[in-house]
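For reference, the structure discussed in these notes is given below.
Chains as they are written, first to last, in the numbering used here: chain A, 35 to 193; chain B, 35 to 193.
Structure follows, in structure tokens:
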């Protein structure tokens, strides 16, 4: 539950911390838009099992951003991937970025991605990567403004 | 060093196995096109350090495909990423796919990706994903033929 970083947006202050299963899983899946889907599983068993796998994996960092009143305002997941290319370079991958409705349009998403880039650099990563749905032109402008280039096609195959 | 799967292409047979540091690192970095870059590091220290990180991470599977004479013909890396979306679905990510020059145009790449998809399904993944450089139109046709759709932009930020 300890804070990893503080994000200040004008007078508002947010804390970035590693997600904790019992406290944060319901809020995170709420932000991911899957509360309805979970209706048939009130104990959220499948989510808690997945959380345990994420939490046990040293390459995974599931984060929540909390407002000063403790409410979970946003979430994102970072995956650190070792590889042999580029002299054994580590890459950071950003997924599942969601900002709660009441916390949008304040620059919180930008503060989160900027922090993630700094954290990737601190860990010695040589690359930060993510994919974004082609229908989300607003998100693309956002990532380009932060220095990302859409150099790759993002291929998906649902199973 | 034990075989995970066999790939048969007409009369030619290949074995898929988990990469082993001492035996396979020089061959893999050769396929990745980085032998020249390694010239100043004859012990391949940075690569062996990265290999140890990959090998210790249960979410990573670095594979080599060997021909019948034992030569490393191809390589690819699979990363299994747990997430809370889609009821805690696991995703498989394919990276660093390389087929050696003497082994191309025989369907080996297709056999490898087909095997990776089957392995992802076997592990309960709900999605297989990868990114491909926008300049590689041939690779895009290849992945589309295997069922992938380029629904996302692949953003990269080198550090």
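Every residue gets a Cβ at the ideal spot worked out from N, C-alpha and C, and that includes glycine.
Short of 6 angstroms in beta carbon distance, which residues of its chain neighbour residue 154 of chain A, apart from the five on each side in sequence? Order them along the chain.
Walking along the first chain from the start, residue 154 of chain A turns up at place 120. Correct list, in chain order: 126 and 162.
Quick check on the DSSP output: the alpha helix (DSSP H) that includes residue 153 of chain A runs from which residue to which?
Looking up residue 153 of chain A in the first chain gives position 119. Element bounds for residue 153 of chain A: 142-156.
Does the ligand MN have even one heavy atom less than 7 angstroms from the beta-carbon of residue 130 of chain A?
The ligand MN is not part of this structure, which contains no ligands at all.
Name the chain A residues that come within less than 7 angstroms of residue 54 of chain B, Cβ to Cβ?
Taking the first residue of the second chain as position 1, residue 54 of chain B is located at position 20. Residues of chain A passing the Cβ test: none, with the nearest at roughly 13 angstroms.
Go ahead and pull the three-state DSSP assignment for residue 164 of chain B.
For this step, residue 164 of chain B is matched to residue 130 along the second chain. Residue 164 of chain B falls in the strand class under three-state DSSP.
Measure from the C-beta of residue 162 of chain B to each C-beta in chain A and report whether the shortest distance is under 8 angstroms.
Along the second chain, read from residue 1 onward, the residue named residue 162 of chain B stands at position 128. Chain A, which has a Cβ nearer than 8 angstroms to the Cβ of residue 162 of chain B, makes this yes.
Using three-state DSSP, classify residue 82 of chain A as helix, strand or coil.
One-based indexing of the first chain puts residue 82 of chain A at position 48. Residue 82 of chain A falls in the helix class under three-state DSSP.
Chain-ordered chain A contacts of residue 155 of chain B [CB-CB under 7 angstroms]:
Taking the first residue of the second chain as position 1, residue 155 of chain B is located at position 121. Simply 193.
Bridge partner(s) assigned by DSSP for residue 128 of chain A:
Here the question's residue 128 of chain A lines up with position 94 in the first chain. Answer is A:112.
Below 8 angstroms on the Cβ atoms is my contact criterion, and I expect residue 119 of chain A with residue 66 of chain B to pass it. Report the Cβ-Cβ distance as a whole number of Å.
Counting from one through the first chain, the residue named residue 119 of chain A turns up at place 85. Counting from one through the second chain, the residue named residue 66 of chain B turns up at place 32. Indeed they touch by this definition, with Cβ atoms about 5 angstroms apart.
Can you name, in chain order, every residue of its own chain whose Cβ lies under 8 angstroms from the Cβ of residue 194 of chain B, other than the five neighbours on each side?
Because chain B in this structure spans residues 35 to 193, residue 194 of chain B falls outside the shown range and cannot be described.
Check for me: the beta strand (DSSP E) holding residue 59 of chain A runs from which residue to which?
Within the first chain, the letter at position 25 stands for residue 59 of chain A. That residue, residue 59 of chain A, is in no beta strand (DSSP E); its alpha helix (DSSP H) goes 55-65.
Return the chain-ordered list of same chain residues with a C-beta closer than 6 angstroms to the C-beta of residue 116 of chain A, the five sequence neighbours on each side being excluded.
As a position in the first chain, residue 116 of chain A is number 82, starting the count at 1. The residues are 124.
Please report whether the beta-carbon of residue 140 of chain B lies at a distance below 8 angstroms from any beta-carbon of chain A.
Within the second chain, the letter at position 106 stands for residue 140 of chain B. Not an interface residue.
Could you spell out the range, first to last residue, of the beta strand (DSSP E) harbouring residue 48 of chain B?
To locate residue 48 of chain B, count along the second chain from 1; it is residue 14. Residues 46-52.
Return the residue from the list B:77, B:80, B:178 and B:43 that minimises the CA-CA distance to residue 100 of chain B.
The sequence position of residue 100 of chain B within the second chain is 66, counting from 1. Out of B:77, B:80, B:178 and B:43, B:43 has the C-alpha closest to the C-alpha of residue 100 of chain B.
Would a C-beta distance cut-off of 8 angstroms place residue 180 of chain A and residue 147 of chain A closer than the cut-off?
Counting from one through the first chain, the residue named residue 180 of chain A turns up at place 146. Counting from one through the first chain, the residue named residue 147 of chain A turns up at place 113. Taking 8 angstroms as the Cβ cut-off, residue 180 of chain A and residue 147 of chain A qualify as a contacting pair.
Between which residues of its own chain and residue 158 of chain A is the CB-CB distance below 7 angstroms, once the five residues before and five after are set aside?
The residue you call residue 158 of chain A lines up with position 124 of the first chain. 124, listed in sequence order.
Could you work out which residues of chain B lie near residue 68 of chain A, taking near to mean beta carbons separated by less than 9 angstroms?
On the first chain, position 34 is the one that residue 68 of chain A refers to. Here the neighbours are 118, 119, 120 and 121.
Member of B:170, B:165, B:186 and B:176 whose CA lies at the smallest distance from the CA of residue 169 of chain A:
As a first step, residue 169 of chain A must be located in the first chain, where it is residue number 135. Per the Cα distances, B:186.
Mind listing the chain A neighbours of residue 94 of chain B? Cutoff is C-beta to C-beta under 8 angstroms, in chain order.
On the second chain, residue 94 of chain B is found 60 positions in, with the first residue counted as 1. Correct list: 93, 115 and 116.
Residue 141 of chain B classed as buried or exposed, judged by whether at least 16 other C-beta atoms fall within 10 angstroms:
Against the second chain, residue 141 of chain B aligns to sequence position 107. Result: exposed.
Please report the straight-line C-alpha distance between residue 137 of chain A and residue 149 of chain A, rounded to a whole angstrom.
Against the first chain, residue 137 of chain A aligns to sequence position 103. Against the first chain, residue 149 of chain A aligns to sequence position 115. Each residue's Cα considered, the two are about 17 angstroms apart.
Three-state class that DSSP yields for residue 182 of chain A in the structure shown:
The count along the first chain starts at 1 and reaches residue 182 of chain A at position 148. It is coil, neither helix nor strand.
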